[in-house]
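S.K.: Read in order, the letters of the sequence shown correspond to residues 599 to 772 in my numbering.
Backbone N, C-alpha and C fix where the C-beta goes; we use that ideal spot for every residue, glycine too.
Here it is, the structure in full.
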Amino acid sequence: MTYFDTEFAATKYLTDHGLFTMDPQRVSSVLRDLIASIAALPRAITAEGVDGAPPWFATEWSLWVLGESLNKLVKRRKGEPLSPIIGVVSDTVRDRRFGKGRQTFVRILGGVDAEAHKELLMDLLDDPEVSGHAIKALRVGKVSGASERVREALRVARVGWIRTEAKKYLAKYP
């Protein structure tokens, strides 16, 4: 399997393989297989970073695009018991081999069950590749109790949008 070139291709892949309609347990099994295939990709640069940002590697880009498509699946099936799928999402978020590719998976946690993943999201505040997305997931997921950790993330953040997200969180949960 090669990495997905576009979000459209990833969504088409998921649709063609029935992931939008099959039961969550089967979806989680297919996702684990897809993620294992992505993990096996060579560590080749896919896209150069913009404005001095580090480059994206094939594994990161492929996982990021898969997460975007998976987010659509999760939103479409909101209200269904999705714990097997969310289990794969949280396992993937913990796997630092995927670097920036985990960003979309962090966003999924914020939109589905952020409170249940509060500790994981708070741990990600120390991970520069996903810290901004973790702050946003905590805020969007309406998770209180992370103010001290978010203040520390704000103190060290150098990227504007991450600082903005931290300020929004702190305005909501001082």
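If we ignore side chains and look at the alpha-carbon of each, how far apart do residue 660 and residue 724 end up?
M.R.: Each residue's Cα considered, the two are about 23 Å apart.
S.K.: What do you get for residue 666, buried or exposed, if any count of 16 or more other CB atoms within 10 angstroms of its CB means buried?
M.R.: With 16 or more Cβ atoms within 10 Å of its Cβ, residue 666 is classed as buried.
S.K.: Have a look at residue 630 and residue 612 and give me their C-alpha separation to the nearest angstrom.
M.R.: So the two alpha carbons sit approximately 13 Å from each other.
S.K.: What residue range does the alpha helix (DSSP H) around residue 731 cover?
M.R.: Start and end: 729-738.
S.K.: Straight-line CA distance for residue 740 to residue 653?
M.R.: Rounded to the nearest angstrom, the two C-alpha atoms are 32 Å apart.
S.K.: Tell me, which residues are paired with residue 643 by DSSP?
M.R.: Answer is 655, bridged to residue 643.
S.K.: Would you call the stretch 670-686 and the stretch 709-727 touching, i.e. three or more CB-CB distances under 8 Å?
M.R.: The answer is yes - the stretch 709-727 touches the stretch 670-686, with three or more Cβ pairs under 8 Å.
S.K.: Under 9 Å between the Cβ atoms of residue 692 and residue 727?
M.R.: No.
S.K.: Residue 616: buried (16+ other C-beta within 10 angstroms of its C-beta) or exposed?
M.R.: Label assigned to residue 616: exposed.
S.K.: Taking buried to mean at least 16 other C-beta atoms within 10 Å of its own C-beta, is residue 643 buried or exposed?
M.R.: Classification for residue 643: exposed.
S.K.: How many Å lie between residue 614 and residue 730 at the Cα?
M.R.: Near 33 Å, if we compare the C-alpha coordinates of residue 730 and residue 614.
S.K.: Can you name, in chain order, every residue of its own chain whose Cβ lies under 7 Å from the Cβ of residue 702, other than the five neighbours on each side?
M.R.: 662, 665, 666 and 669.
S.K.: Return the CA-CA distance between residue 637 and residue 736, expressed in angstroms with no decimal places.
M.R.: If you take the alpha carbons of residue 637 and residue 736, they lie about 27 Å apart.
S.K.: What's the call for residue 763, buried or exposed, on a 16-neighbour Cβ count within 10 Å?
M.R.: With 16 or more Cβ atoms within 10 Å of its Cβ, residue 763 is classed as buried.
S.K.: Three-state secondary structure (DSSP) at residue 697?
M.R.: Correct three-state label for residue 697: helix.
S.K.: Have a look at 675, 757 and 719 and flag the residue whose alpha-carbon is nearest the alpha-carbon of residue 743.
M.R.: Considering only alpha carbons, the answer is 719.
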